[in-house]
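So the structure is just underneath, and the comments pick up after that.
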Amino acid sequence: MEVIHKIGRRKTAVARVYVAKGKGKITVNKKDMAEYFTTAPLQYKVNQPLTMTNNDGNFDITVNVYGGGITGQAEAIRLALSRAMCELDAENRLVLKPEGLLTRDPRMVERKKFGQKKARKKFQFSKR
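Residue numbers for the sequence shown follow our numbering, beginning at 38 and rising by one.
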């Protein structure tokens with residue numbers, strides 16, 4: 038098996054994932070995953086496609102991720118890993134698809150409008 042390269046996106050975060058045979062080491066931006074994603078929910082999001090397809094310790098994964106915040110980055114990695122698991126074995130698609138892991142979340146930050154405080158919030162109106 039050669040290296041599989043996939044891209045995942047979420048909000049403004051872009052993750053490039055490289056999956057190769059190995060012992061289960063996950064490296065994110067040249068750091069260990071536990072060092073980069075310090076909280077358990079973020080680590081769970083990254084590992085979700087691997088645990089659902091029973092590929093926990095089978096692959097060494099290298100990730101380059103940039104843009105967005107830490108949560109958007111974790112979800113971008115999750116999408117890229119899900120796509121990589123589908124390329125490995127078509128049966129994995131049947132497991133990941135119902136959980137929504139193969140769907141790119143289209144929600145983006147709404148832009149701030151002119152004459153307003155924020156995207157939806159308005160300046161306070163006074164009668165005087």
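By construction, the Cβ of each residue, glycine as well, lies at the ideal position given by its N, Cα and C atoms. Fair warning: this is a prediction, and the values are worked out from it, not measured in the lab.
Please work out which residues of its chain come closer than 6 Å, Cβ to Cβ, to residue i, disregarding the five sequence neighbours upstream and downstream, and give them in chain order.
i	result
Ala-50	Gly-104, Gly-105, Gly-109, Gln-110 and Ala-113
Lys-43	Val-54, Ala-117, Arg-120 and Ala-121
Val-56	Ile-41, Phe-96, Ile-98 and Ala-121
Pro-135	none
Cys-123	Asn-129 and Arg-130
By Cβ distance, which residues of its chain are closer than 8 Å to residue i, with the 5 residues on each side in sequence left out?
i	result
Arg-46	Ala-52, Ala-113, Leu-116 and Arg-141
Gly-94	Lys-60 and Gly-61
Here's the rule: buried if 16 or more other CB atoms are within 10 angstroms of the residue's CB, otherwise exposed. What is residue i?
i	result
Arg-120	buried
Thr-90	buried
Arg-74	For clarity, residue 74 is Phe in the given sequence; the question names Arg instead. Phe-74 should be labelled buried.
Val-146	exposed
Asp-143	A quick correction: the sequence has Pro, not Asp, at residue 143. So Pro-143 counts as exposed.
Give me the Cβ distance between residue i and residue j, rounded to the nearest whole Å; I'm assuming they're in contact under 8 Å.
i	j	result
Gln-153	Phe-160	7 Å
Ile-186	Leu-79	Limits of the chain in this structure are 38 at one end and 165 at the other, which puts residue 186 out of reach.
Taking 7 Å as the limit between beta carbons, can you name the residues of its chain near residue i, skipping five residues before and five after?
i	result
Lys-82	Ala-111, Glu-112 and Arg-115
Lys-150	Ala-156
Residue ranges of each alpha helix (DSSP H) within the segment 83 to 133, 4 or longer: 107 to 125 and 128 to 133
The segment 127 to 136 / the segment 66 to 73 touching (three or more Cβ pairs under 8 Å): no
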